[in-house]
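Heads up: the structure comes next, in structure tokens.
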Amino acid sequence: GEDVEQSLFLSVREGDSSVINCTYTDSSSTYLYWYKQEPGAGLQLLTYIFSNMDMKQDQRLTVLLNKKDKHLSLRIADTQTGDSAIYFCAESPTYSGYSTLTFGKGTMLLVSP
Amino acid sequence: EAGVTQSPTHLIKTRGQQVTLRCSPISGHTSVYWYQQALGLGLQFLLWYDEGEERNRGNFPPRFSGRQFPNYSSELNVNALELEDSALYLCASIYRDSYGYTFGSGTRLTVV
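Residue numbers (this note's numbering), protein chains in the order written: chain A, 1 to 113; chain B, 1001 to 1112.
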């Protein structure tokens, strides 16, 4: 079955870049997503990438996809203390309007001043 | 535009009791998903409703059930509560041809 793996914790200093990694097993994954969860809140969609893309950039966020290795990463440039949160990687075999997303367990990002 | 709203935000129940959680999707969204976020387990898919029908179900026992109403709002019912049902229950909605769910803030259920 599908499985999505993430490292559990990442600590960086304010102003540094953060890189959060994710691996997935389902070779039919078509769409891959990054969500952010702040304490006491639901999940917020940050960005997504189609499997036919290698990279997507959106302001401070850069998503890299290595489809051969089934590896996805999220880079946050100039990380701020407000970026401290749990980041979830999720995959879907179709656009999520007609499927369920499989989530990783989340990576807790701690940004220190 | 109002987001996905869930109620109640917190509740405490006793083992063996029953609970109903409610979700109102974003206006125009026809699909509603329910996820359980238990400590250390990430998000586990529970149920997917679309146009009033159950489309998919996760690996949960039958005491987890729900429904979707004609206005696309949804309820999640959990019978015979067990201690391990303590979790944050998240509802998400999406319009059929869009990408990525919009999540509510969740209902924190504690079973004692």
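Glycine included, each C-beta is placed from N, C-alpha and C at the ideal position. Predicted, not measured: the structure shown is a model, and the values here were computed from it.
How far does the beta strand (DSSP E) with residue i in it reach, from first residue to last?
i, result
"S1007 (chain B)", "1005-1007"
"E91 (chain A)", "85-92"
"M55 (chain A)", "55-58"
"T25 (chain A)", "Taken as a continuous stretch (DSSP letters only), T25 (chain A) belongs to no beta strand (DSSP E), as it is neither H nor E."
"L1039 (chain B)", "It is not in any beta strand (DSSP E) - L1039 (chain B) carries neither H nor E in the DSSP assignment."
"T1110 (chain B)", "1107-1111"
Does residue i pass the burial test, meaning 16 or more other C-beta atoms within 10 Å, or should it be called exposed?
i, result
"S1007 (chain B)", "exposed"
"T102 (chain A)", "buried"
"A100 (chain A)", "The residue you asked about is not Ala; residue 100 (chain A) is Thr in the sequence shown. Looking at its Cβ environment, which holds 16 or more other Cβ atoms inside 10 Å, T100 (chain A) is buried."
"F9 (chain A)", "exposed"
"I1012 (chain B)", "exposed"
"L32 (chain A)", "buried"
"G1052 (chain B)", "exposed"
"H71 (chain A)", "exposed"
"G42 (chain A)", "buried"
"V1111 (chain B)", "buried"
From the DSSP output, read off the bridge partner residues of residue i.
i, result
"Y35 (chain A)", "A:L45, A:F88"
"R1067 (chain B)", "B:E1075"
"V1019 (chain B)", "B:V1078"
Can you grab the Cα-Cα spacing for the pair residue i / residue j, in whole Å?
i, j, result
"E91 (chain A)", "D69 (chain A)", "15 Å"
"A1092 (chain B)", "Q6 (chain A)", "22 Å"
"V19 (chain A)", "L64 (chain A)", "10 Å"
The segment 49-58 of chain A contacting the segment 1034-1051 of chain B, beta-carbon criterion three pairs below 8 Å: no
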